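Q: Residue numbers (the working numbering): 2 to 339.
Handing you this structure, nothing more for now.
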């Protein structure tokens, strides 16, 4: 009898899993802009640096692969939400394929854009040492009385039923929990408070096994949110334009201008903003399509990510990479735009 009840509970929980992508990164961004003058100043500096790289006033200096230690904070109320180590590892595996352009479904990219696909040169692994230097699995588990979380960052604090972040200059913090309101995940852009820095993913959209449910069971929600953590905007451009949605920009030149987000599984080409004949690059990780549809970053997005890695997230570079960036800067080859 108990077993039947448990199965019924899981089915009811499954019915609440999101069926359409919704990301809360811009809600967090605008909240922080309203709350924090320092965040606004930091964002201005970060955008200026990204613009310098985009214009070719600064060149990428780091060499080799950037290794990012990850800590996954599992915050659970019902046992189903306490996802397995195997499910967590499946997500890390997806990230390492997506950020190195070794995902097998890269072949879905239309031939007109195949020369734009990018290896971002980033690899992820679960942390092996905690902030005090002790051995760790890179996973924390916290049982909570909170039945679901939202974009208010309460999942990121023990005092509000979540789990505190590890030092944001040394780890990528990922929180996995039940998110309410149809939210799949959200991220904090670089430049925000360290105690809330990282990404949050709902437990039904994390990894490829266990509780991961279609159409978000291929690990691409984390790829999308880490894109924001590395300073990528949504591909259609997030800032509001009341006159013309086609006037918005994601600040990347090689992503076609598009009017709005794409959802589900669009057919190629999907044309908006007079961007024919090829239309929207809806298969980009930074659109809103289903997991099986998003398969690529572009060279322009890689430049913006590198501006972030050599700027606001430079703590993740190795000593040799930092020295190379410092050397290039000292040679006076990198004037900043006004």
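Backbone N, C-alpha and C define an ideal beta-carbon position, used for all residues, glycine too.
Note that the structure is predicted; figures quoted are calculated from it, not measured.
(1) DSSP three-state call for residue 104: helix, strand or coil?
(2) In terms of residue numbering, what span does the beta strand (DSSP E) encompassing residue 225 cover?
(3) Output yes or no for whether 8 angstroms exceeds the beta carbon distance between residue 217 and residue 185.
(4) In whole angstroms, what is the alpha-carbon distance linking residue 8 and residue 28?
(5) Apply the 10 Å Cβ neighbour rule to residue 145 and answer buried if 16 or more other Cβ atoms are within range, or exposed otherwise.
(6) If contacts are defined as beta-carbon pairs under 8 angstroms, then residue 89 and residue 72 qualify, I think. What distance do you get, rounded to the angstrom?
(7) Can you check whether the CB of residue 203 is closer than 8 angstroms to the CB of residue 84?
(8) Taking 8 angstroms as the threshold, find out whether the stretch 317–330 comes into contact with the stretch 50–63 through three or more Cβ pairs.
(9) Just mark residue 91 as buried or exposed, buried being the case when its beta carbon has 16 or more other beta carbons within 10 Å.
(10) Let me know the secondary structure DSSP gives residue 285 once reduced to three states.
(11) So, do the stretch 42–50 and the stretch 194–208 have three or more beta carbon pairs nearer to each other than 8 angstroms?
(12) Have a look at residue 339 and residue 250 and give me their C-alpha separation to the nearest angstrom.
(13) Starting from residue 187 and walking both ways along the alpha helix (DSSP H), at which residues does that stretch end?
(14) Assign residue 191 to buried or exposed, taking buried as 16 or more other Cβ atoms, counted over all protein chains shown, within 10 Å of its Cβ.
(15) Opposite residue 68 in the DSSP bridges: which residues?
(16) Between residue 51 and residue 302, how many whole angstroms is the CB-CB distance? I'm expecting something under 8 angstroms.
(17) Taking the CB atoms as reference points, tell me whether residue 26 and residue 70 lie closer together than 8 angstroms.
(18) Between the beta-carbon of residue 150 and the beta-carbon of residue 123, is there less than 8 angstroms?
(19) Could you tell me the boundaries of the alpha helix (DSSP H) in which residue 89 lies?
(20) In the DSSP assignment, what residue or residues form a beta bridge with residue 142?
(21) Taking Cβ to Cβ, would you say residue 236 is nearer than 8 angstroms to residue 256?
(22) Just to check my reading of the structure: residue 262 and residue 289 have Cβ atoms closer than 8 angstroms, yes? What is that Cβ distance to the nearest angstrom?
(23) For a test of the three-state rule: what should DSSP assign to residue 173, helix, strand or coil?
(24) Tell me the residue span of the beta strand (DSSP E) that contains residue 200.
(25) Which residue marks the beginning of the alpha helix (DSSP H) containing residue 387, and which one marks its end?
(26) Leaving out five residues on either side along the sequence, give the residues of the same chain with a beta carbon under 6 angstroms from the beta carbon of residue 19.
(27) For the candidate residues 293, 115, 108, whose alpha-carbon lies nearest to that of residue 21?
(28) Quick check: the Cα distance between residue 314 and residue 170, rounded to an integer number of angstroms?
(29) Using only the alpha-carbon positions, how far apart do residue 197 and residue 154 sit?
(30) Measure the C-alpha to C-alpha separation of residue 219 and residue 96 and round it to an integer number of angstroms.
(31) Just mark residue 310 as buried or exposed, buried being the case when its beta carbon has 16 or more other beta carbons within 10 Å.
A: Quick answer:
(1) coil
(2) Residue 225 -> not in any beta strand (DSSP E); alpha helix (DSSP H) instead, spanning 221–230.
(3) yes
(4) Caution applies to residue 8, whose pLDDT of 35 falls short of 50 and renders its modelled position unreliable; the model cannot decide the point.
(5) buried
(6) The Cβ separation is near 11 angstroms, so there is no contact.
(7) no
(8) yes
(9) buried
(10) strand
(11) no
(12) Unreliable placement is indicated for residue 339, whose pLDDT of 33 sits below 50; the coordinate value is still reported in the next sentence. Residue 339 and residue 250: Cα-Cα distance of roughly 20 angstroms.
(13) Where residue 187 is concerned, there is no enclosing alpha helix (DSSP H), although the beta strand (DSSP E) it sits in stretches over 186–188.
(14) buried
(15) 124
(16) Not quite, the Cβ-Cβ distance comes to about 11 angstroms (not below 8 angstroms), so this is no contact.
(17) no
(18) no
(19) 86–99
(20) 75
(21) yes
(22) 4 angstroms
(23) strand
(24) 200–203
(25) An answer regarding residue 387 cannot be provided, because it is not within the stretch 2 to 339 covered by the chain.
(26) 183, 185
(27) 293
(28) 7 angstroms
(29) 7 angstroms
(30) 10 angstroms
(31) buried
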